[in-house]
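Under the working numbering, the very last position in the sequence shown is 185; numbers go up by exactly one each time. The structure appears right after this line, and notes come after that.
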Amino acid sequence: MKELIQAINFTRDYGIKKVVIVGGADTYLITEMLKENKISVILARTHSLPGRADDDIALPYKLPALLQEAGVLFCLNYEGDMEVMGTRNLPFTAGTAAAYGLTKEQALMAITLNTARILGIDKTVGSLEVNKDATLFVSTGDALDMLTNNVELAFIRGKKIGLDDHQKKLTRKYSAKYGIE
């Protein structure tokens with residue numbers, strides 16, 4: 005926490021305007037300072053253990069709600085080991101945050117509009133609005149729920165993208181071969 009406070013003081017002393025904390029496991033301890041200085045947070049690995057032995061075991065899950073409650077702009081990130089594969093689980097980290105205090109709308113914003121705002125690209129992406137890129141997916145289930153999410157369609161800049169892959173081809177091949185539906 006001391007390092008976060010020193011970094012914030014440094015940015016204030018030197019007039020650095022756009023500051024974002026990446027990681028942010030201890031940011032719940034300094035929410036007022038973050039809000040006063042308009043500092044955003046990119047939270048890493050919501051599905052992790054707390055940083056200190058005496059922290060609440062569910063603290064990483066609750067942290068998004070704590071920042072939301074304090075009025076700190078934040079988004080969720082999936083970084084660390086195997087992040088390329090893990091990125092597909094980003095919606096489910098938002099789902100966990102919803103289970104631990106965020107509304108579903110707030111959780112969705114934590115992986116869409118809030119991210120775009122922090123990166124300064126919210127004029128073109130982050131929400132479904134006229135004159136924005138139509139980058140989105142359509143799910144027949146809850147997009148934030150690992151058990152029911154089923155992506156049916158996806159679009160990047162308004163163009164439909166194919167969702168077929170090697171795994172789906174193998175599923176069809178062997179389902180047909182063994183008469184499995």
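Glycine included, every Cβ here is placed at the ideal spot set by N, Cα and C.
Could you compute how far the alpha carbon of residue 179 sits from the alpha carbon of residue 36? As a working note, residue 179 is residue 175 in the sequence shown. As a working note, residue 36 is residue 32 in the sequence shown. Rounded to the nearest angstrom, the two C-alpha atoms are 56 Å apart.
Distance, residue 112 Cα to residue 92 Cα: Here residue 92 is taken as the residue at index 88 of the sequence shown, counted from 1. Here residue 112 is taken as the residue at index 108 of the sequence shown, counted from 1. When rounded, the distance between both Cα atoms is 15 Å.
Run through the DSSP bridge pairs and tell me what residue 44 is partnered with. Walking along the sequence shown from the start, residue 44 turns up at place 40. In the DSSP output, where bridge partners are listed per residue, residue 44 has 24.
To the nearest whole angstrom, what separates the beta carbons of residue 1 and residue 71, a pair I think is in contact under 8 Å? Nothing in the structure corresponds to residue 1, since the chain is present only between 5 and 185.
With DSSP as the reference, identify every bridge partner of residue 157, one or two as the case may be. Numbered from its first residue, the sequence shown carries residue 157 at position 153. DSSP lists 142 as partners of residue 157.
Please state the DSSP three-state secondary structure of residue 135. Sequence index remark: in the sequence shown, residue 135 carries index 131 (1-based). In this structure, residue 135 counts as coil in the three-state DSSP scheme.
Segment limits, alpha helix (DSSP H) that includes residue 151: For the purposes of this step, residue 151 is taken as the residue at position 147 of the sequence shown. Looking at the DSSP string, residue 151 is not in any alpha helix (DSSP H), and its letter there is neither H nor E.
Cβ contact check for the stretch 57-72 and the stretch 89-105: 3 or more pairs under 8 Å: yes
Return yes when the Cβ of residue 165 is within less than 7 Å of the Cβ of residue 44, no when it is not. To locate residue 44, count along the sequence shown from 1; it is residue 40. To locate residue 165, count along the sequence shown from 1; it is residue 161. No. Outside cutoff.
Looking at the unbroken beta strand (DSSP E) that takes in residue 118, where does it start and where does it end? Start at 1 with the first residue of the sequence shown, and residue 118 comes out as number 114. Taken as a continuous stretch (DSSP letters only), residue 118 belongs to no beta strand (DSSP E), being part of the alpha helix (DSSP H) at 117-123.
From residue 118 to residue 63, what distance separates their C-alpha atoms? Counting from one through the sequence shown, the residue named residue 118 turns up at place 114. Counting from one through the sequence shown, the residue named residue 63 turns up at place 59. Each residue's alpha carbon lies about 21 Å from the other.
For residue 14, count neighbouring C-beta atoms within 10 Å of its own C-beta (all shown protein chains included) and say buried if the count is 16 or more, exposed if not. Residue mapping note: residue 14 aligns to position 10 of the sequence shown, counting from 1. It is exposed - the Cβ of residue 14 has fewer than 16 other Cβ atoms within 10 Å.
Residue 30 versus residue 49 - alpha carbon distance: Numbered from its first residue, the sequence shown carries residue 30 at position 26. Numbered from its first residue, the sequence shown carries residue 49 at position 45. Computed Cα separation, rounded: 13 Å.
Round the Cβ separation of residue 80 and residue 68 to the nearest angstrom and send it over; I've been treating them as touching at under 8 Å. Numbered from its first residue, the sequence shown carries residue 80 at position 76. Numbered from its first residue, the sequence shown carries residue 68 at position 64. Yes, they are in contact, since the Cβ atoms of residue 80 and residue 68 sit about 7 Å apart, within 8 Å.
Relative to the alpha-carbon of residue 141, which residue among 162, 59, 151 has its alpha-carbon at the smallest distance? In the sequence shown, residue 141 corresponds to position 137, counting from 1. Nearest C-alpha to residue 141: 162.
By a C-beta neighbour count over all protein chains shown, 10 Å radius and 16 as the cutoff for buried, is residue 115 buried or exposed? Here residue 115 refers to the residue found at position 111 when the sequence shown is read from its first residue. So residue 115 counts as buried.
Excluding the five sequence neighbours on either side, which residues of its own chain have a C-beta within less than 6 Å of the C-beta of residue 150, listed in chain order? Counted from its first residue, the sequence shown places residue 150 at position 146. Hits under 6 Å: 96.
Nearest by alpha-carbon distance to residue 99: which of 78, 9, 147, 132 is it? The sequence position of residue 99 within the sequence shown is 95, counting from 1. Considering only alpha carbons, the answer is 147.
Only counting the same chain, and skipping five residues up and downstream in sequence, which positions put a Cβ closer than 7 Å to that of residue 183? To locate residue 183, count along the sequence shown from 1; it is residue 179. Taken in chain order, the list of residues that qualify is empty.
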